[in-house]
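Novice: Each number in our numbering corresponds to the 1-based position in the sequence shown with 48 added.
The C-beta atom is built at its ideal place from N, Cα and C for all residues, glycine as well.
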Amino acid sequence: MTESGPSIARARGDHDDGRPGDTAEPRGHLGVAGGTALYVAAVLGTGILVLPALAASVAGPGSIIAVAALAVISIPLAATFAALARRHPDAGGVATFARRAFGPTAARVISYWFFFGTPIGAPIAALMTARYVVAVIGGDALTTTLIAIGLMVIPVIVTAFGVRFAGWLQLVLSAALVAVLVFVLAAAVPHANPANLQPLLPHGWEGVGLAMNLYIWAFAGWEAVAGIGGEFRNPKRDIPRATALALVIVSVAYLAIQTVTVLVLGGRASTSAVPLLDLVVVSSGRGGGIVVAVIAAIVVTGVFNAYLAAFSKLGAAMGRDGDLPRWFGRGAENGGIARRGLLLSAVIMAAYSAVVLASGDLQPFILVHTSIAAAVYALGVASALVLLPRRSVGWWMSLASCVFAAGLLLLAGWHLVFPLALAMAAVLIRPRRHSRPAPTPSAPR
49 MTESGPSIAR
59 ARGDHDDGRP
69 GDTAEPRGHL
79 GVAGGTALYV
89 AAVLGTGILV
99 LPALAASVAG
109 PGSIIAVAAL
119 AVISIPLAAT
129 FAALARRHPD
139 AGGVATFARR
149 AFGPTAARVI
159 SYWFFFGTPI
169 GAPIAALMTA
179 RYVVAVIGGD
189 ALTTTLIAIG
199 LMVIPVIVTA
209 FGVRFAGWLQ
219 LVLSAALVAV
229 LVFVLAAAVP
239 HANPANLQPL
249 LPHGWEGVGL
259 AMNLYIWAFA
269 GWEAVAGIGG
279 EFRNPKRDIP
289 RATALALVIV
299 SVAYLAIQTV
309 TVLVLGGRAS
319 TSAVPLLDLV
329 VVSSGRGGGI
339 VVAVIAAIVV
349 TGVFNAYLAA
359 FSKLGAAMGR
369 DGDLPRWFGR
379 GAENGGIARR
389 GLLLSAVIMA
399 AYSAVVLASG
409 DLQPFILVHT
419 SIAAAVYALG
429 VASALVLLPR
439 RSVGWWMSLA
449 SCVFAAGLLL
459 LAGWHLVFPL
469 ALAMAAVLIR
479 PRRHSRPAPT
489 PSAPR
């Protein structure tokens with residue numbers, strides 16, 4: 049006898065009202081290890097390359113307090129997005145959450161923030177890495193620019209092979225990154241000088257706040273990987289585990305890096321363009337520079353690998369949902385390869401790259417990126433208050449996240465003009481709505 053009605057809905061993991069619900073049915077190929085690797089890359093990212101120095105320049109030793117505070121704030125934020133992704137695993141990620149909670153306009157706003165705003169981080173990350181490589185091998189501004197371009201092009205090609213290949217590669221890259229970081233930090237610790245902790249707040253609490261604003265770049269990413277929730281074999285079980293493991297790894301890594309940078313480099317940390325390279329030089333001489341170059345290459349490859357997978361899926365979801373032309377919608381289904389979304393992501397990255405690489409001054413662009421990330425977080429966690437079961441653990445985490453997100457918006461200050469401009473564009477540009485197709489099953493594996 050043929051099943052129909054609620055039976056099919058339950059098999060598909062849908063509630064009677066059409067909302068995806070919890071299900072243990074396999075959806076994709078990612079497990080805890082692969083998911084943790086992608087999360088670590090998305091959140092740990094390129095912040096380790098330059099943020100320790102930038103934070104030290106505005107807050108001195110108080111930058112350690114800034115990192116510790118953001119690590120605490122990340123607990124409810126990460127838990128909130130994990131709870132949303134496990135209940136609603138969809139390529140749209142945060143945009144899907146906003147659509148379910150507040151409707152299509154909110155979804156389009158958050159899609160614009162994420163898809164058209166956050167790619168400004170790509171040339172920033174590439175330029176950070178290129179400067180490390182040039183510091184080791186030598187070269188001029190043109191060499192730095194060419195290396196940065198190459199670092200962006202290669203991951204685009206990798207991602208075109210699909211999330212399956214990207215996830216496998218990410219596991220290797222993240223493991224190598226953590227191993228090398230442990231080695232560098234262990235080598236530098238014997239050279240730490242506690243006297244470098246004084247004065248603790250040379251620029252007052254205002255400096256700590258600015259350091260936190262900069263470090264949002266480092267701790268952003270939980271919202272980025274929400275779009276690959278459907279690629280997990282068992283979202284209900286594996287997303288919370290991968291999130292928890294990644295949260296511990298990332299928090300410990302950033303706190304250790306910032307603390308060791310301040311203790312070892314002291315006042316030199318605030319003026320260093322390549323702080324990790326300086327740590328290696330202190331501990332093992334110039335010969336250790338090659339290790340830092342390897343770190344930089346691992347980091348940027350892993351970050352682009354994780355983010356491009358999320359960007360391409362979001363672009364496909366926007367095409368599917370009518371926020372982009374339908375042509376971009378191919379690959380939005382779980383297991384699909386969103387090459388058209390990836391192509392548009394690459395074009396946006398190229399446009400931002402022309403501006404960032406021409407300027408060369410990273411701090412203003414980092415603050416633009418963090419203001420957009422704060423706006424995405426705010427709307428994302430607000431969606432959780434509507435979507436998650438009231439008074440559940442996830443709901444309480446989302447309530448705490450709303451408070452923290454409001455604080456992040458205050459820290460962003462006048463830089464919020466950038467997400468505001470994108471939001472206005474999303475509201476004013478009303479695409480022609482096409483009928484949304486029925487849910488598509490996961491691609492054959």
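Reducing DSSP to helix, strand and coil, say where residue 476 ends up.
Specialist: Looking at residue 476 - three-state DSSP - the assignment turns out to be helix.
Novice: Determine which residues share a DSSP beta bridge with residue 280 and list them.
Specialist: Residue 280 is bridged to 78.
Novice: Taking Cβ to Cβ, would you say residue 207 is nearer than 8 Å to residue 86?
Specialist: The answer is no: Cβ separation not under 8 Å.
Novice: Going straight from the alpha carbon of residue 242 to that of residue 301, what length do you get?
Specialist: Answer to the nearest angstrom: the Cα atoms are 20 Å apart.
Novice: Quick check: the Cα distance between residue 312 and residue 251, rounded to an integer number of angstroms?
Specialist: Roughly 20 Å separates the two Cα atoms.
Novice: Rounding to the nearest angstrom, what Cα-Cα distance links residue 101 and residue 319 in this structure?
Specialist: Straight-line Cα distance between these residues: approximately 7 Å.
Novice: Inspect the beta-carbon positions of residue 286 and residue 140 and report whether they are closer than 8 Å.
Specialist: Result no, Cβ atoms of residue 286 and residue 140 do not sit closer than 8 Å.
Novice: Pull up the CB-CB distance for residue 104 and residue 309, whole angstroms please, since I reckon it's below 8 Å.
Specialist: Right, the Cβ-Cβ distance comes to about 7 Å (below 8 Å), so this counts as a contact.
Novice: Let me confirm a value: residue 74 is counted as buried when at least 16 other C-beta atoms fall within 10 Å, else exposed. Which label applies?
Specialist: Here residue 74 scores only 43 on pLDDT, less than 50, and its place in the model should not be relied on; the value that follows carries that caveat. By the neighbour-count rule (16 or more Cβ atoms within 10 Å), residue 74 is not buried but exposed.
Novice: So, helix, strand or coil for residue 268, using DSSP?
Specialist: Residue state, collapsed to three classes: coil.
Novice: In three-state terms, what does DSSP make of residue 316?
Specialist: Helix at residue 316.
Novice: How would you label residue 72, buried or exposed, when you count the other beta carbons within 10 angstroms and need 16 or more for buried?
Specialist: Because the pLDDT of residue 72 is 42, which lies under 50, any placement of that residue in the model is unreliable, and the number read from its coordinates should be weighed accordingly. The residue in question, residue 72, is exposed, as its Cβ has fewer than 16 Cβ neighbours within 10 Å.
Novice: When you measure from the CB of residue 121 to every non-hydrogen atom of the ligand NAD, does any distance come out below 7 Å?
Specialist: Ligands are entirely absent from the displayed structure, and the ligand NAD is therefore not among its contents.
Novice: Does the Cβ-Cβ distance between residue 404 and residue 232 come in under 8 Å?
Specialist: No.
Novice: How many whole angstroms separate the CB atoms of residue 89 and residue 295, which I take to be in contact at a CB cut-off of 8 Å?
Specialist: Residue 89 to residue 295, Cβ: 14 Å. No contact.
Novice: Any chance the stretch 153-160 sits against the stretch 446-463, with 3 or more Cβ pairs inside 8 Å?
Specialist: As far as the Cβ criterion goes, the stretch 153-160 does not touch the stretch 446-463, which means the pair count is below three.
Novice: Going along the chain, which residues of its own chain have a beta-carbon closer than 7 Å to the beta-carbon of residue 199, five neighbours each way excluded?
Specialist: These residues qualify, in order along the chain: 174, 177, 178 and 348.
Novice: Where residue 474 and residue 364 are concerned, what is the direct C-alpha to C-alpha distance, given to the nearest angstrom?
Specialist: Spanning the two alpha carbons is a distance of roughly 17 Å.
Novice: Go through its chain and collect everything with a Cβ distance to residue 245's Cβ below 6 Å, but skip five positions before and after it.
Specialist: Closer than 6 Å at Cβ, skipping near neighbours: 109.
Novice: Assuming contact is defined by CB atoms lying nearer than 8 Å, are residue 307 and residue 96 in contact in what I supplied?
Specialist: No, Cβ-Cβ distance for residue 307 and residue 96 is not below 8 Å.
Novice: What's the gap between the Cα of residue 187 and the Cα of residue 197?
Specialist: Answer to the nearest angstrom: the Cα atoms are 15 Å apart.
Novice: Go ahead and pull the three-state DSSP assignment for residue 440.
Specialist: Coil, per DSSP.
Novice: Nearest to residue 98 by CA position, among 268, 323 and 183, is which residue?
Specialist: The shortest Cα separation from residue 98 among 268, 323 and 183 belongs to 323.
Novice: Grab the span of the alpha helix (DSSP H) containing residue 412 for me, first residue to last.
Specialist: Counting along the chain, the alpha helix (DSSP H) containing residue 412 begins and ends at 410-435.
Novice: Under the assumption that residue 432 contacts residue 132 (Cβ atoms under 8 Å), give the Cβ distance between them as a whole number of angstroms.
Specialist: Residue 432 to residue 132, Cβ: 6 Å. Contact.
Novice: Alpha carbons only, please: which of 317, 117, 189 and 389 is nearest the one belonging to residue 256?
Specialist: Closest option to residue 256, Cα to Cα, is 117.
Novice: Is the CB-CB distance between residue 468 and residue 146 below 8 Å?
Specialist: No, Cβ-Cβ distance for residue 468 and residue 146 is not below 8 Å.
Novice: Residues in its own chain within less than 8 Å of residue 225 by CB, not counting five upstream and five downstream?
Specialist: Answer for residue 225: 88, 89, 92, 343, 346, 347 and 350, listed in chain order.
Novice: Can residue 362 and residue 129 be called in contact, C-beta distance under 8 Å?
Specialist: Cβ distance not < 8 Å, so residue 362 and residue 129 don't count as in contact.
Novice: Taking the alpha-carbon positions, what's the residue 450 to residue 170 distance?
Specialist: Their Cα atoms are separated by approximately 27 Å.
Novice: So the candidates are 167, 180, 182 and 369; which of them puts its Cα closest to the Cα of residue 395?
Specialist: Out of 167, 180, 182 and 369, 167 has the C-alpha closest to the C-alpha of residue 395.
Novice: Do you know whose CA, among 429, 397, 477 and 461, lies nearest residue 121's CA?
Specialist: That would be 429, whose Cα lies nearest to the Cα of residue 121.
Novice: Count the other C-beta atoms from every protein chain shown that fall within 10 angstroms of the C-beta of residue 360, then say buried if there are 16 or more, exposed otherwise.
Specialist: By the 10 Å Cβ count, residue 360 comes out buried.
Novice: Thinking residue 414 and residue 172 are a contact (beta carbons under 8 Å), I'd like their distance in whole angstroms, please.
Specialist: Contact flag correct, Cβ pair sits at about 6 Å.
Novice: Check the C-beta distance from residue 126 over to residue 291 and give it rounded, since I have them as a contact under 8 Å.
Specialist: So it is a contact: roughly 5 Å between Cβ atoms.
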